[in-house]
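So the protein lines, in turn, are chains Z and W. For the first sequence, position 261 matches number 261 in my numbering, and the numbering has no gaps at all. For the second sequence, position 217 matches number 217 in my numbering, and the numbering has no gaps at all.
There are 2 protein chains.
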Amino acid sequence: MGEFELIERYFAAVGVTRRDVTLGVGDDAAILSVPAGQEVIACTDTLVAGSHFPLDFDAADIGWRSLAVNLSDLAAMGADPAWATLALTLPKLDEDWLEAFVEGFSAVALPHGVALVGGDTTRGPLTLTVQAMGFVPAGTAVRRRGATAGDLLYVTGWPGDAAAGLALLQGRLAGAGADRAALELKFRRPEPRVGFGLRLRGVASACIDVSDGLAADLGRLVAASGVGAVVRAAELPLSRALYTLAGEARAREFALGGGDDYELLFSVPQAARGALARAIASAGAPACHCIGEIVSGRGVRVVGEKGDLPLQKGWDHFAT
Amino acid sequence: MGEFELIERYFAAVGVTRRDVTLGVGDDAAILSVPAGQEVIACTDTLVAGSHFPLDFDAADIGWRSLAVNLSDLAAMGADPAWATLALTLPKLDEDWLEAFVEGFSAVALPHGVALVGGDTTRGPLTLTVQAMGFVPAGTAVRRRGATAGDLLYVTGWPGDAAAGLALLQGRLAGAGADRAALELKFRRPEPRVGFGLRLRGVASACIDVSDGLAADLGRLVAASGVGAVVRAAELPLSRALYTLAGEARAREFALGGGDDYELLFSVPQAARGALARAIASAGAPACHCIGEIVSGRGVRVVGEKGDLPLQKGWDHFAT
């Protein structure tokens, strides 16, 4: 079977069917329609085997992750996902692998209404690049820039769980049973906060998705906004599983410095607290905790009982 | 220097500044506006070092190629390029390499009015994925499907030159002087036929860009259209340089079975010949030759003086 039959067979009908896709996989390019009054939000993320996931990672988990991390970027902008393209570099053609990959990809695409509209398959070291595109009503996208002193700082979910899950998979953390399974699942199957991201339009003053560690990504948000932030260590949400397996001190390290959370970290003006409470109370909203506030100045401080905690650097593929 | 400073420094101002880019590189995603009445044309292509270009290929040539091959896909649809995202996987951070890469990328982006609006840099084996996006007035995109029996078949430029250029670089073909330089340049710096593609709207009944070899890509066009094609070997345009270095028989093999041409292969109804002549006569149009016609039936025949020529398979990354 050749490359082109491969594309046709596996990718022609991945995801949902959308009326705004005039032409999808199979031509030189896709033909797409944007609804009137909407802006296009576009992002791209690459996953390299052995760097972004373990070399023995399950194909279905790779498929899931490749789309989920991109939808997380769209969620951070408050965008409604629509289309994705997939560039897949494979060391060899393995139909079982491809079927599992598509299953995992589809498990994210279908509930979020995403159509796969194009792609490219090439031979080489296992690498995946997805571009995701979505819509926002013009002028309503939530950016990293926009936080001002006095805004409250929130994070969804339980940061650190995914990093602890990877540590378990890699033998850097010990544990068993339901706690281990829960943390590993958070690494293997991150849930992009798409629905909640939509509700943050007009509520959050700035937002970023946490992919490289809470402290590092918060550093980016405050740098873009020209402000600083204070995080109260005691307010960091730590899941029971993380606390149990890692202990409090190490759990906080995972929560602040670990990566792969794909949670939303956002600032909310005091005046919008009521609107946020309604967003949090809506069906399907994830857990959401206030962890500190935006302050004037620069940089990120994490304040514990005995003073400021030292900050680890976030995951950086080229840091030396 | 970390990954993020790298992105900011090199990629924040690549390409042109466009008013339809509300937010470009530097946030979780880009914010883009599509003009009223236009459809979005989106494509993606991956280049793997050692597969799509030689391992010692010049960084500026890699930058050029990564965007040019995507603009070639847009050209084949008749689209006007607008935006690109770049996913760059690098074995190490090398500022000289990056500067040269951006120089080559920009040399294609600037004349074609493309803004780089997002990207991702990761560490791993050298791999590049570009997604390009452009516009067509709604309903005017040229597809692979649409050729009907009796249409004339055309190709731009001098197919086979680029494949011969690669053969020269790899020592599979001998030659020197200006002929060698001309063929190598066709491989190193393919010129996407963007301007001519725009003129094919309403003229061509079907179009594809030749990336995997003329015969293979023609096979795709006729398969998509549900027709067949006859190519007259004597009408295949062979450049003087190719003819001189490879001889007639091998030159035809390069022209039919070589890849990396990034020329446009398209069908034109007899009734549109006048419109095509005007397109060809317009300023900046590339050389364009009629090489055969669309017929009823299936598949591709290449007719020579002594009967049909055997067809090689086009480049296929997973063919065995």
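Idealized CB from N, CA, C, for every residue including glycine.
CB contact flag (residue i, residue j, <8 Å)
i        : j        : result
Z/Ala82  : Z/Leu200 : no
Z/Val16  : Z/Val155 : no
W/Val130 : W/Ala79  : no
Z/Tyr243 : Z/Val69  : no
W/Ala84  : W/Val117 : yes
W/Val230 : W/Val295 : yes
Z/Thr255 : Z/Pro159 : In the sequence on display, residue 255 of chain Z carries Ala and not Thr. Going by C-beta atoms, Z/Ala255 is nearer than 8 Å to Z/Pro159.
W/Thr89  : Z/Thr127 : yes
Z/Val102 : Z/Val14  : yes
W/Gly119 : W/Leu86  : yes
W/Gly157 : W/Ala287 : yes
Per-residue contacts from residue i into chain W (C-beta, under 7 Å)
i        : result
Z/Thr85  : Ala42, Thr44, Gln131
Z/Ile208 : Asp28
Z/Pro125 : Gly124, Pro125
Z/Glu39  : Thr22, Ile31, Leu32, Ser33
Z/Val117 : Ala42
Z/Ser51  : Thr122, Arg123, Gly124
Nearest residue (CA-CA) to residue i, options the options
i        : options                                : result
Z/Ser33  : W/Glu39, W/Ser66, W/Pro35              : W/Glu39
W/Ala132 : W/Leu67, W/Trp158, W/Gly160            : W/Leu67
Z/Ala204 : Z/Leu264, Z/Asp308, Z/Ala109           : Z/Leu264
W/His52  : W/Ala42, W/Cys43, W/Arg65              : W/Arg65
W/Ala283 : W/Glu253, W/Ala241, W/Phe196, W/Ala271 : W/Phe196
W/Gly297 : W/Glu253, W/Gly24, W/Gly226            : W/Gly226
Z/Ser212 : Z/Leu110, Z/Arg252, Z/Asp260           : The residue you asked about is not Ser; residue 212 of chain Z is Asp in the sequence shown. Among Z/Leu110, Z/Arg252, Z/Asp260, the Cα nearest to that of Z/Asp212 is on Z/Asp260.
Z/Gln170 : Z/Arg252, Z/Arg145, Z/Asp56            : Z/Asp56
Z/Pro54  : Z/Glu235, Z/Gly124, Z/Ala167, Z/Val142 : Z/Ala167
Z/Arg19  : Z/Asp27, Z/Tyr10, Z/Pro35, Z/Glu8      : Z/Pro35
Z/Pro125 : W/Leu153, W/Thr46, W/Gly134, W/Arg144  : W/Thr46
W/Val142 : W/Ala181, W/Leu185, W/Ala206           : W/Ala206
W/Arg145 : Z/Asp28, Z/Thr122, Z/Arg240            : Z/Asp28
Z/Leu276 : Z/Glu235, Z/Leu198, Z/Lys306           : Z/Leu198
Inter-residue Cα distance where the pair is residue i and residue j
i        : j        : result
W/Phe187 : Z/Asp179 : 56 Å
Z/Gly228 : W/Trp97  : 35 Å
W/Val300 : W/Thr148 : 14 Å
Z/Ala163 : W/Gly257 : 49 Å
W/Val268 : W/Gly304 : 23 Å
Z/Arg220 : Z/Leu183 : 26 Å
W/Thr320 : Z/Leu6   : Caution is warranted here: a pLDDT of 39 is assigned to W/Thr320, below 50, making its placement in the model unreliable, and the coordinate value is therefore given only provisionally. For W/Thr320 and Z/Leu6, the distance between alpha carbons rounds to 13 Å.
W/Glu293 : W/Ile62  : 35 Å
Z/His112 : Z/Gly202 : 21 Å
W/Lys92  : W/Glu248 : 44 Å
W/Leu74  : W/Cys43  : 7 Å
Z/Pro190 : W/Ala30  : 22 Å
Z/Gly274 : W/Thr22  : 29 Å
Z/Asp94  : W/Val222 : 29 Å
W/Cys290 : W/Asp161 : 18 Å
Z/Gln194 : W/Ser106 : Note that residue 194 of chain Z is Val in the sequence shown, not Gln. Distance between the alpha carbons of Z/Val194 and W/Ser106: 34 Å.
W/Gly24  : Z/Ala176 : 45 Å
W/Ala215 : W/Val302 : 9 Å
Z/Leu110 : Z/Gly104 : 10 Å
W/Gly150 : W/Ala281 : 23 Å
Z/Ala310 : Z/Leu218 : In the sequence as presented, Ala is not what sits at residue 310 of chain Z; that position holds Pro. So the alpha carbons of these two residues sit roughly 15 Å apart.
Z/Leu245 : W/Ile41  : 49 Å
Z/Ala138 : Z/Leu152 : 26 Å
W/Arg250 : Z/Gly134 : 48 Å
Z/Thr121 : Z/Leu185 : 28 Å
W/Gln270 : W/Ile208 : 19 Å
Z/Ala181 : Z/Gly165 : 8 Å
Z/Met1   : W/Phe266 : Because Z/Met1 sits at a pLDDT of 47, beneath the cut-off of 50, its placement in the model cannot be relied upon, and the point is left open.
W/Asp58  : W/Gly50  : 12 Å
W/Tyr10  : W/Lys306 : 56 Å
Amino acids of chain Z, ordered along the chain, whose beta-carbon sits closer than 7 Å to that of residue i
i       : result
W/Thr89 : Thr46, Val48, Thr127
Neighbouring residues, chain Z, relative to residue i (Cβ below 9 Å)
i       : result
W/Leu74 : Asp28, Ala29
Chain-ordered chain Z contacts of residue i [CB-CB under 8 Å]
i        : result
W/Asp326 : Nothing in the structure corresponds to residue 326 of chain W, since chain W is present only between 1 and 320.
W/Ala79  : Ala29
Residues that residue i contacts on chain W, provided the C-beta gap is smaller than 9 Å
i        : result
Z/Arg143 : Leu23, Asp27, Asp28, Ile31
Rounded Cβ spacing between residue i and residue j (contact assumed at less than 8 Å)
i        : j        : result
W/Ser72  : W/Pro237 : So it is not a contact: roughly 18 Å between Cβ atoms.
Z/Arg252 : Z/Ala233 : 6 Å
Z/Gly60  : Z/Ala100 : One detail in the question is off: residue 60 of chain Z reads as Ala in this sequence, not Gly. Yes, Z/Ala60 and Z/Ala100 are in contact; Cβ-Cβ is about 4 Å, under 8 Å.
Z/Gly37  : Z/Glu8   : Going by Cβ atoms, the distance from Z/Gly37 to Z/Glu8 rounds to 35 Å, so no, they are not a contact pair.
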